[in-house]
Amino acid sequence: MKKIVVLGSTGSIGTQSLDVIRREPEKLSLLALAAAGSRPGLMAEQIREFRPSVVCVYHEDKLPDVKNALRSLGMDPGEVSFLTGMEGLKTLAALPEADLVVTSLVGMIGILPTIAAIEAGKDIALANKETLACAGRKIMGLAAEKGIRILPVDSEHGAIFQCMEGVRREDVTRIWLTASGGPFRGYTKEQIEAVTLAQALKHPNWSMGAKITIDSASLMNKGIEMIEAKWLYGVQPEQVCPIVHPQSIVHSMIELKDGSVLAQLGPVDMRLPIEVMLMYPERGRALMEPLDFAKVGPLSFEPIDEEVFPSIRMARWSMQKDGLFPACFNAANELANEAFRQGKIGFTDIFRLTEKALEKLDAENISRKDYEIQEIIEMPERVRRYLGFDDTN
Ligand SMILES: NC(=O)c1ccc[n+]([C@@H]2O[C@H](COP(=O)([O-])OP(=O)(O)OC[C@H]3O[C@@H](n4cnc5c(N)ncnc54)[C@H](OP(=O)(O)O)[C@@H]3O)[C@@H](O)[C@H]2O)c1
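Residue numbering for the sequence shown follows my numbering, beginning at 3 and increasing consecutively.
Spelled out as structure tokens, the structure:
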């Protein structure tokens, strides 16, 4: 029985992870769960169903809501041990009985709990892509030192992971990272200037949390994934090739030096890539209808228009600059993504603000490759300064 901690249990990946655990009761069990506390009713339902020994409600002021929701479900909150804040997340991540930690928090808040889990020797099922995008060098170094596995939950990186099995790293020439293209595929520069939040929230293929849905529309998500791919698979920035594949059936591909291409295909359902990593190295049962190729229809591929989506160019440049640049790229996007969702800026301001933050960092002439984790943690503050953001905007 694999004992699992889910950080971010109430989100899109978190609820689907719990669904996978629910459907593999002989193999997987939920040891602990954490969330911010903004969905107390859902958290209470999860606690009642899975009876985790420890729960972290990040925002302490939300703890009474979760306890009240539990009471209204007929459960005594005294049966559960509750923690709060970052210390709570780190404690959960390092629970001695845990075998695997699913990091499905959204944003840079995921970095420190992931480090705590690795330091405690836990394997990571990594959904929180901001962690590797910002601190890939440190995280991969620490994971190697501790001998733990980073199992990527993202469908693209999960696909590459599966293609890589049995392949020598030095034989890999390129990684083809597929992208649906999002709701604005085929838009011109003029058209994308005018898009609204409601349009950006309508992803053609996937149902996901709000932040990643906007990142998918801006292709900032693909940029973040390019940086992750570099760290996960030890390739150079120019070996990571994003490509639009609107059907999202081919989850990604690798090219080998003899010209062979290996791909992983599957239904458009995140529970499958989650299940692959939660069950690894075993294979679990089929949770959904497998693909029927007689019905799939044509599969197509097209290049990304980097004039319309400068996210790709900025991600590549940040990877090449290395050091603090990817964290700056990610932190600026995180800030701009939130401002866009709050209606404070337009869609293409996400690109402009990210570019501006990268230029400001570049002007400081910081060219070292290594950094301290504290510098990464402080990056959002630095970016706010670069962009002239204060609490009123
Ligand atoms: N959704 C996908 O299909 C998908 C695919 C690949 C990768 N990812 C990545 O997976 C991560 C999660 O994405 P998502 O779509 O599942 O996001 P989401 O639906 O917004 O869920 C985020 C989860 O994190 C929790 N959370 C946020 N801040 C927290 C904090 N300070 N302390 C504790 N918990 C906190 C939320 O709790 P509350 O509910 O209480 O707010 C929620 O449980 C992101 O990094 C995303 O890029 C997502």
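Don't be surprised by glycine CBs; every beta carbon is placed ideally from N, CA and C.
- Taking every protein chain shown into account, the CB of E230 has 16 or more other CB atoms within 10 angstroms, so this residue is buried.
- Within the same chain, I251, V252 come within 6 Å of L267 by CB-CB distance, once the 5 residues on both sides are set aside.
- Taken atom to atom, the span from the alpha-carbon of I216 to that of K5 is near 33 Å.
- Counted as a single uninterrupted DSSP element, the alpha helix (DSSP H) harbouring S313 occupies residues 313-323.
- G236 and F391 have their C-alpha atoms spaced approximately 35 Å apart.
- Short note on T86: C-beta not closer than 7 Å to any heavy atom of ligand 1.
- The three-state reading of DSSP puts R176 in strand, counting E and B together.
- Taking a C-beta distance under 8 Å as the contact criterion, M228 and A161 do not qualify as a contact pair.
- Cβ atoms of S106 and L9 come within 8 Å of each other, at about 6 Å.
- As DSSP reads the structure, F84 sits in a beta bridge with V57.
- Put simply, the backbone Cα of V68 is about 38 Å away from that of E147.
- The Cβ atoms of A34 and S55 lie closer than 8 Å to each other.
- Taken atom to atom, the span from the alpha-carbon of I347 to that of E308 is near 21 Å.
- Taking 7 Å as the cut-off, the C-beta of E230 does not count as close to any heavy atom of ligand 1.
- The beta-bridge partner set that DSSP reports for M255 consists of W178, A265.
- Here N335 is buried: its Cβ has 16 or more other Cβ atoms, across all protein chains shown, within 10 Å.
- Distance from T17 to A37 at the Cβ level is roughly 10 Å; contact not present, criterion being Cβ atoms closer than 8 Å.
- If only complete runs of 3 or more residues are kept, the region 83-170 shows the beta strand (DSSP E) at 83-86, 102-105, 125-128, 152-154, in order along the chain.
- One alpha carbon belongs to A265, the other to F163, and they sit about 10 Å apart.
- No Cβ-Cβ contact shorter than 8 Å links L75 with A122.
- CA-to-CA, the gap between G109 and L97 works out to about 22 Å.
- I216 has its CB no nearer than 7 Å to any heavy atom of ligand 1.
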